[in-house]
Amino acid sequence: MQGSLDSDVLTILRETEFSMHETGGVRVFHNSADSEGDQKATLCFVKKYETAEEAQRAELLIDFYLRGLEKGTPKYATADALYRAFTFAGIERPRIYTSRIQNQLVLAIDLSIPQGAFGITSLEQSSGILEELLTEPLIRTSGEVFAAAQQDEINRVKAKKEMHNERALSLFYHHFFPSVFPFGEEKEMRLISASAKHDLSAAIDAHISGSFPLLFFSGEFSVQEVAKYLLPFFEVYPCRGDRSALVVPPPLQLPRPESSVFVQGPSEEMQLLRAYPLARVPSEEERVALEVINYLLGVGWTSKFYKIIRDKHNLVYRIRSEVKSGSNQILITTGHKHTDYARIVKLTGEIFTDIARGNFTDDEIQQSLSESMVDLEGDIDASREFRGCNQPGFRVTREFQRRITGQVPDFSLEREYKLMANLTPDRLREVARRYLNPNVSQVFTYCNKEGS
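In short: position in the sequence shown from 1, add 44, done, that's the working numbering.
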């Protein structure tokens, strides 16, 4: 009943591994990739704050600053002018963003670099544009531009009320993990409204200066070429942080469940979230096993949630479950009519109970195992340009998630593939019974009417 190992897949998965180097005070993760597409690099500034509240405050201000970059610089005064400047330099406009895990905040810059000598020329010609964009944007110096960007931010926060799926998830985490997600919409609005230009520049400058620098690279450049052509970016932004910033915070634990929580909002469609905390933090092999079990529970067309709740009873517009490693839980999310609330709570509970007790057939779990392995093997498909694991972009993204955010297991794709292939139905039943408790769950709903 176990999955079989494909030697060709194993060979390709081994090619996704990164080597680690310390160069010029920067930790570099390097991967050699032979691809027809661009080379990829992500420059990271990682900082640990004293508290999650400080980190989220910095995150909100830096995100405000980054969105304000669309207003341009003295030399490139519009978003279109910036786009054309990078295009003429032979490089895509870099993507600049933040990612936060509790009190750890990352400022990241994604670069797409052409191959060969043209890639080197493009880096040289674009470095000055990127430096000006980060250090001299109009939002930092112009009161008029700042005021316009501030109004855009206020409108963005107000618009959250119409983004029902995302808002429900945000309210869920704010309610149950208030120390980690302390900024609700009202507090965020007060922060944005009270901010001045110097607050934004102070936030990003303090973050960069107090951070530890990392670089992820996949492409044809050697380690020496990466040091020569990419590390100079960090010389513009001196970093004084240490390696302790790189330790991923431990998973959150859902508080002791309370009675069902209802939050009223303008959504006619009820957003229901049901969280089942795991009994403990799983090991490497058990985490892979839980992902396979979750396929049977609520991933895809063949999952029990989909077949029973949507296909058979036609009760939901969508339904899905995910293993949330950052909060050590399985989280079920649905969208449905508020009048179907009681039936959906009942059915999700019954299905989860069956899975938690190991009440699934060998054929059912083998189907889930096969789907899990097909998804993993599917990442090698070169025709899926942005997902295929022979693509530098896929490799850099996964390594970033592995080393920084903890969104994927801290081991190689090859190891994940082997662990998955060695799982048996009996082992999966054992893991389900050990980690899944059907008697402990938290229901959270968001709608303009309470469920019935």
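Here a beta-carbon is modelled for each residue, glycine too, at the ideal position from N, C-alpha and C.
With respect to TYR273, LEU413 sits apart: the two C-beta atoms are not nearer than 7 Å. In this model, GLN83 and GLY134 are separated by some 13 Å (Cα to Cα).
Between the C-alpha atoms of THR131 and ALA193 there is a straight-line separation of about 25 Å. Looking at the DSSP output, CYS88 sits in a beta bridge with ALA152 and LEU258.
Under the 8 Å Cβ criterion, the region 147 to 162 does not count as touching the region 200 to 219, having fewer than three qualifying pairs. Burial state of ASP107 is buried, judged by a 10 Å Cβ sphere holding 16 or more other Cβ atoms. If you draw a straight line from the Cα of LYS241 to the Cα of GLY187, it is about 8 Å long. Between CYS283 and SER253, the beta carbon gap of about 7 Å places them in contact (Cβ cut-off 8 Å). Excluding five sequence positions before and after THR95, the CB atoms of its chain that fall closer than 7 Å to its own CB belong to ASN147, given in chain order. The beta carbons of GLY344 and GLU415 sit about 6 Å from each other, so the pair counts as a contact at 8 Å. Bounds of any alpha helix (DSSP H) do not take in ALA319; it lies within the beta strand (DSSP E) bounded by 314 to 321. A residue is called buried once 16 or more other Cβ atoms fall within 10 Å of its Cβ, and PRO436 is buried on that count. Looking from the CA of ASP154, the closest CA among ALA476, VAL440, GLN445 and ARG471 belongs to VAL440. Taking a 10 Å sphere around the C-beta of PHE162, we find fewer than 16 other C-beta atoms and assign the residue as exposed. Using a Cβ distance threshold of 7 Å, HIS208 and GLN315 count as a contacting pair. The residues PHE73, in chain order, have a CB closer than 6 Å to that of MET64 in the same chain once the five nearest residues on each side in sequence are set aside. Every beta strand (DSSP E) of 3 residues or more that sits fully in the region 355 to 397 is shown, in chain order, as 360 to 368 and 373 to 380. Here DSSP, grouped into helix, strand and coil, assigns ARG287 to helix. Contact check for ALA102 against HIS251 passes: the beta carbons are separated by less than 7 Å.
ASN338 carries a helical assignment under DSSP once its states are collapsed to helix, strand and coil. In terms of Cα proximity to PHE225, the closest of PHE444, ALA99, GLU443 and ILE374 is ALA99.
Taken through DSSP and simplified to helix, strand or coil, PHE488 comes out as strand. The C-beta of ALA125 has fewer than 16 other C-beta atoms within 10 Å across all chains shown, which makes the residue exposed.
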